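Visitor: The opening position of the sequence shown corresponds to residue 4 in my numbering, with each subsequent residue numbered one higher. Backbone N, C-alpha and C fix where the C-beta goes; we use that ideal spot for every residue, glycine too. Remember, predicted model here, so these are calculated numbers, not experimental data.
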Amino acid sequence: MKWMFKFVFIAAALWSGYWYFGAQAQEKIYAELLIESRNQGWTAESRNLGVSGFPNRFDTTLTGLNFRDPSGRWSWRGEEFQIKALSYKLNHIIMAWPGEQTVSTPEGNATINAELLRASLVVSPRTNLPLSRFQIEGEAIELDIDQLGKAAIGMLNGAFHQEEDNATKYLLGINLQDITPPQSLTSSLGGGRIFSGNIEGLVFSAEIEFDREIDRLALQSGQPPRPINMEIKPSLLIWGDSELAVSGDLSKGDNGFVEGRLEFDVKNWQPMYQLFDQASHLTTTERIILKRALDGASGGGNLVFTLVFENGNSRIGPITIGPAPVYPF
Numbered sequence: 004m005k006w007m008f009k010f011v012f013i014a015a016a017l018w019s020g021y022w023y024f025g026a027q028a029q030e031k032i033y034a035e036l037l038i039e040s041r042n043q044g045w046t047a048e049s050r051n052l053g054v055s056g057f058p059n060r061f062d063t064t065l066t067g068l069n070f071r072d073p074s075g076r077w078s079w080r081g082e083e084f085q086i087k088a089l090s091y092k093l094n095h096i097i098m099a100w101p102g103e104q105t106v107s108t109p110e111g112n113a114t115i116n117a118e119l120l121r122a123s124l125v126v127s128p129r130t131n132l133p134l135s136r137f138q139i140e141g142e143a144i145e146l147d148i149d150q151l152g153k154a155a156i157g158m159l160n161g162a163f164h165q166e167e168d169n170a171t172k173y174l175l176g177i178n179l180q181d182i183t184p185p186q187s188l189t190s191s192l193g194g195g196r197i198f199s200g201n202i203e204g205l206v207f208s209a210e211i212e213f214d215r216e217i218d219r220l221a222l223q224s225g226q227p228p229r230p231i232n233m234e235i236k237p238s239l240l241i242w243g244d245s246e247l248a249v250s251g252d253l254s255k256g257d258n259g260f261v262e263g264r265l266e267f268d269v270k271n272w273q274p275m276y277q278l279f280d281q282a283s284h285l286t287t288t289e290r291i292i293l294k295r296a297l298d299g300a301s302g303g304g305n306l307v308f309t310l311v312f313e314n315g316n317s318r319i320g321p322i323t324i325g326p327a328p329v330y331p332f
């Protein structure tokens, strides 16, 4: 038995040493990452940085976080950010966002609080650390968005996976349940008279091609990879008695507008049409023609139609309903 005791003691001592030096290295990596980000023009601040989790994990906690990209257009401030990695699988980490988080974009700020908000990140074990897989889950998420107001999401699940045979193509999947839209949005959409209550569910799936691989070097450059093509897989929105299914292909046109087409299949489509009618800039004559065309196309059942984005315009069949969306990237 003595030899077994010695073996266990030596193994424990070696593992403790490995964990200690690993924790020191982990802390040094994150500290150097903050410094390197600052050298690249980022604002990267944290009041505290510590590593715990002995013996099987390296748990890093950063508090008082303040990150801003070199252009000053994007930023993130958080009370606390946790990074957890298995000591035997360092390319797979778990992240958690306890407390209040504020994200700033060119369109405004969003403050986030949640009972649960965590994510899993896997990178390939190469020097540039290319993104292989990202998954996120959340519960009881509260948002306060500039110019929109307060909103909530009961449940969130999302995944973003790199395709094995194409390093610049990623699969995106999002599942949101029990969505409370901002009151400002529902007020502008008929004040709750057309749709009342929460959005029951939103399921979105797409295959997105970027102009280059998503990796550490691309993100640190201040010019992250940009999506150039998107194939929307069958996706679904359920709100009240209406269901909207959509699929299609979108890309950036030479004129800076979105090009492509979306195929819609809408159950109980009249309430959704009322929302569109309120938001559109069609003339009275165009509204009458379009409504008659949609009534005829639905035949008393589901409404199936194609929305085309072409030459800077959006149209349904021969009717132009407005300008095409500007490509956001």
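Anyone know if the C-beta pair for Pro228 and Phe207 falls short of 8 Å?
Guide: Against a cut-off of 8 Å, the Cβ pair of Phe207 and Pro228 comes out as no contact.
Visitor: Checking the sheet assignment: what are the DSSP bridge partners for Ala47?
Guide: Note: Ala47 sits in a beta bridge opposite Phe70.
Visitor: Beta-carbon within less than 6 Å of Asn271's beta-carbon, same chain only, minus the 5 sequence neighbours each way: which residues are those?
Guide: Correct list, in chain order: Asp244 and Ser245.
Visitor: Could you compute how far the alpha carbon of Phe137 sits from the alpha carbon of Asn169?
Guide: Rounded to the nearest angstrom, the two C-alpha atoms are 17 Å apart.
Visitor: Find the nearest neighbour of Ser250 within the set Asp257, Glu234 and Ile241, judged by alpha-carbon distance.
Guide: The shortest C-alpha separation from Ser250 is found at Glu234.
Visitor: If you draw a straight line from the C-alpha of Tyr173 to the C-alpha of Thr288, how long is it?
Guide: One C-alpha to the other measures close to 43 Å.
Visitor: Are the CB atoms of Gly44 and Pro73 within a distance shorter than 8 Å?
Guide: A contact, by the Cβ cut-off of 8 Å.
Visitor: Can you give me the C-alpha to C-alpha distance between Leu278 and Pro109, rounded to a whole angstrom?
Guide: Leu278 and Pro109: Cα-Cα distance of roughly 27 Å.
Visitor: Pull the bridge partners of Ser208 from the DSSP assignment, please.
Guide: DSSP output for Ser208 lists Gly176 and Lys236 as bridge partner(s).
Visitor: Determine the direct distance from the alpha carbon of Lys255 to that of Ala154, and round the result to whole angstroms.
Guide: Rounded to the nearest angstrom, the two C-alpha atoms are 30 Å apart.
Visitor: Measuring alpha carbon to alpha carbon, tell me which residue in Glu262, Ser187 and Asn305 is nearest Pro331.
Guide: The shortest C-alpha separation from Pro331 is found at Glu262.
Visitor: To the nearest angstrom, report how far apart Val329 and Phe260 are at their CA atoms.
Guide: When rounded, the distance between both Cα atoms is 4 Å.
Visitor: Quick check: the Cα distance between Phe61 and Ala209, rounded to an integer number of angstroms?
Guide: The straight-line gap from Cα to Cα measures roughly 34 Å.
Visitor: Is the Cβ-Cβ distance between Gly81 and Leu93 less than 8 Å?
Guide: No, they are not a contact pair.
Visitor: If you run the structure through DSSP and keep just helix, strand and coil, what is Asn112?
Guide: Strand.
Visitor: Run through DSSP, which three-state label would Thr171 get?
Guide: It is a strand residue.
Visitor: Here's a check: name, in chain order, each residue in its chain whose Cβ is nearer than 6 Å to the Cβ of Glu216, leaving out the five neighbours to either side.
Guide: Hits under 6 Å: Pro133, Ala170 and Thr171.
Visitor: Can you tell me which of the three DSSP states Pro274 falls into?
Guide: DSSP places Pro274 in helix when its eight states are reduced to three.
Visitor: Output yes or no for whether 8 Å exceeds the beta carbon distance between Leu146 and Ile182.
Guide: Cβ distance not < 8 Å, so Leu146 and Ile182 don't count as in contact.
Visitor: Taking the Cβ atom as the reference point for each residue, do Ala122 and Met158 lie within a distance shorter than 8 Å?
Guide: No.
Visitor: Only counting the same chain, and skipping five residues up and downstream in sequence, which positions put a Cβ closer than 6 Å to that of Val307?
Guide: Answer for Val307: Asp268, listed in chain order.
Visitor: Taking the CB atoms as reference points, tell me whether Ile144 and Ala162 lie closer together than 8 Å.
Guide: Not closer than 8 Å, so no.
Visitor: Answer with buried or exposed for Ser40, where buried requires no fewer than 16 other C-beta atoms within 10 angstroms of its C-beta.
Guide: By the neighbour-count rule (16 or more Cβ atoms within 10 Å), Ser40 is buried.
Visitor: Rounded C-beta distance between Thr63 and Ile86? I'm assuming under 8 Å.
Guide: Correct: roughly 4 Å between the Cβ atoms.
Visitor: Secondary structure at Phe84, three-state DSSP: helix, strand or coil?
Guide: It is a strand residue.
Visitor: Could you please give me the residues that DSSP links to Ala162 through a beta bridge?
Guide: Looking at the DSSP assignment, Ala162 forms a beta bridge with Gln138 and Gly176.
Visitor: Might you give, ordered along the chain, the residues of its own chain that have their beta carbon closer than 7 Å to the beta carbon of Ile96, omitting 5 neighbours on each side?
Guide: Once the five neighbours on either side are set aside, the close Cβ partners of Ile96 are Ile86, Lys87, Ala88 and Leu124.
Visitor: Measuring alpha carbon to alpha carbon, tell me which of Ile177, Ser107 and Leu175 ends up nearest Arg76.
Guide: That would be Ser107, whose Cα lies nearest to the Cα of Arg76.
Visitor: Once the 5 residues before and after Arg219 are set aside, which same chain residues still bring their CB inside 7 Å of it?
Guide: Same-chain partners within the cutoff: Asn131 and Leu132.
Visitor: Here's the rule: buried if 16 or more other CB atoms are within 10 angstroms of the residue's CB, otherwise exposed. What is Gln226?
Guide: Exposed: under 16 other Cβ atoms inside 10 Å.
Visitor: Assign Ser135 to buried or exposed, taking buried as 16 or more other Cβ atoms, counted over all protein chains shown, within 10 Å of its Cβ.
Guide: Looking at its Cβ environment, which holds 16 or more other Cβ atoms inside 10 Å, Ser135 is buried.
Visitor: Give the DSSP bridge partners of Trp242, in chain order.
Guide: Paired residues: Ile202 and Ser245.
Visitor: Can you tell me whether DSSP reads Phe332 as helix, strand or coil?
Guide: Of the three classes helix, strand and coil, the one that applies to Phe332 here is coil, per DSSP.
Visitor: I'd like to know whether the C-beta atoms of Gly304 and Asn258 end up nearer to each other than 8 Å.
Guide: No, the Cβ-Cβ distance between Gly304 and Asn258 is not below 8 Å.
Visitor: Buried or exposed: where does Pro230 fall if 16 or more other Cβ atoms within 10 Å of its Cβ makes it buried?
Guide: Counting Cβ neighbours within 10 Å, Pro230 comes out buried, since at least 16 surround it.
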